[in-house]
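Asks: I am attaching a structure below and will ask some questions about it afterwards.
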Amino acid sequence: MDMHIHMSYCTSEGFRVLVYNYLGIKEHKLLEEIDGLIQSAEATPASLAEGLLKSDDPDVAIGEVLNFLKQQKIKKDNEDKIVEETESSV
Numbered sequence: 001m002d003m004h005i006h007m008s009y010c011t012s013e014g015f016r017v018l019v020y021n022y023l024g025i026k027e028h029k030l031l032e033e034i035d036g037l038i039q040s041a042e043a044t045p046a047s048l049a050e051g052l053l054k055s056d057d058p059d060v061a062i063g064e065v066l067n068f069l070k071q072q073k074i075k076k077d078n079e080d081k082i083v084e085e086t087e088s089s090v
């Protein structure tokens, strides 16, 4: 049986809690850039935690998350563009 569970998207504050829990740091030079992307990229806490688990080095782990969020934003922007084009052609 397939079950779909709705999970809310991660917020900037939630991501900072994840960073502290997984990496033990409260500040990093890339966190501000991630804050700007996190709302528009629509990522779940689980997907962000997966990126944080890829390395014990904060630079590498946070860099992974940043790359993931950039890819998610591009994907979402493309999906939004397709929806707009579809709606305008109807």
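So the sequence shown is numbered by the UniProt record's numbering: it starts at 1 and just counts up by one.
Don't be surprised by glycine CBs; every beta carbon is placed ideally from N, CA and C.
Owing to the predicted nature of the structure, the values given are computational and were not obtained by experimental measurement.
1) Near G51, what residues of its chain come up, given a Cβ to Cβ distance below 6 Å and the 5 sequence neighbours on each side ignored?
2) With a threshold of 7 Å on Cβ separation, who are the neighbours of L48 within its own chain once the five nearest residues in sequence on each side are excluded?
3) Comparing C-alpha positions only, which one of Y20, G36, G24 and I25 sits nearest to S12?
4) Which same chain residues end up closer than 6 Å to S55 when comparing Cβ atoms and leaving out the 5 residues on each side of it in sequence?
5) Looking at A41: is its Cβ nearer than 8 Å to the Cβ of K73?
6) Reducing DSSP to helix, strand and coil, say where S40 ends up.
7) With burial defined as no fewer than 16 other Cβ atoms inside 10 Å of the residue's Cβ, what is the status of L31: buried or exposed?
8) Could you tell me if I5 is buried or exposed, where buried requires 16 or more neighbouring beta carbons within 10 angstroms of its beta carbon?
Replies: Taking the definition as stated:
1) E64, V65 and F68
2) C10, F15, L18 and V65
3) G36
4) A61
5) yes
6) helix
7) buried
8) exposed
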